[in-house]
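Chemist: Questions regarding the structure given below will be posed in turn.
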Amino acid sequence: MRCRQAQSLVGAFIKDELDDEQLKEFLDHIENCADCYEELEVSYMVTEGLAALDHDVTGTFDLKKSLQNVIRSRRKRLALGRRRKLRLRIIAALFVIFMIVLLFFYFGGLI
Ligand SMILES: [Zn+2]
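Everything in the sequence shown is counted per the working numbering, starting at 68 for the first residue and increasing by one.
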């Protein structure tokens, strides 16, 4: 992913509107690109800061840390999704093998 594309996805990332593929590429990019990370950080601060004002949140809160938590949780979600997909694929493969064995024995017994 290029900087231009990453920066165009900043808003969608903050609103959590990226699909898994985009999210993975976006995270890979911003974790290795200081410019885009900064862009994300600024947008995040503005967005969350305004939301906090809207909701009369009092007290200080660390938006930089909050963004890092968001990034960490999205990473975790991606990893979990991948594992779930892999598990489904294994179950599907086992089922196909089971059916083949079953059919083999069924028709094998008839012949
Ligand atoms: Zn970049």
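Built from N, CA and C at the ideal position, the CB exists for glycine as well.
1) Buried or exposed for HIS122, please, with buried defined as at least 16 other CB atoms from any protein chain shown within 10 angstroms of its CB.
2) So the alpha helix (DSSP H) CYS103 belongs to, where does it begin and stop?
3) Going by the beta-carbon positions, is the gap between GLU108 and SER133 smaller than 8 angstroms?
4) Taking 7 angstroms as the line, does the beta carbon of ASP102 fall inside it for any heavy atom of ligand 1?
5) CA-CA distance, SER75 and ARG150?
6) For the 8 angstroms Cβ check, are there 3 or more pairs between the segment 161-170 and the segment 93-112?
7) Among the candidates ARG71, PHE174 and LYS91, whose CA atom is the shortest distance from the CA of LYS143?
8) Taking the alpha carbon of ASP129 as the reference point, which residue from ILE81, MET112, LEU161 and LEU120 has its own alpha carbon closest?
9) Within 7 angstroms: the Cβ of ALA73 and any heavy atom of ligand 1?
10) Starting from the Cα of GLY148, find the closest Cα among GLU84, CYS103 and GLU88 and give me that residue.
11) Quick check: LEU85 and ILE138, are their CB atoms within less than 8 angstroms of each other?
Modeler: In terms of the structure at hand:
1) exposed
2) 101-121
3) no
4) yes
5) 29 angstroms
6) no
7) LYS91
8) MET112
9) yes
10) GLU88
11) no
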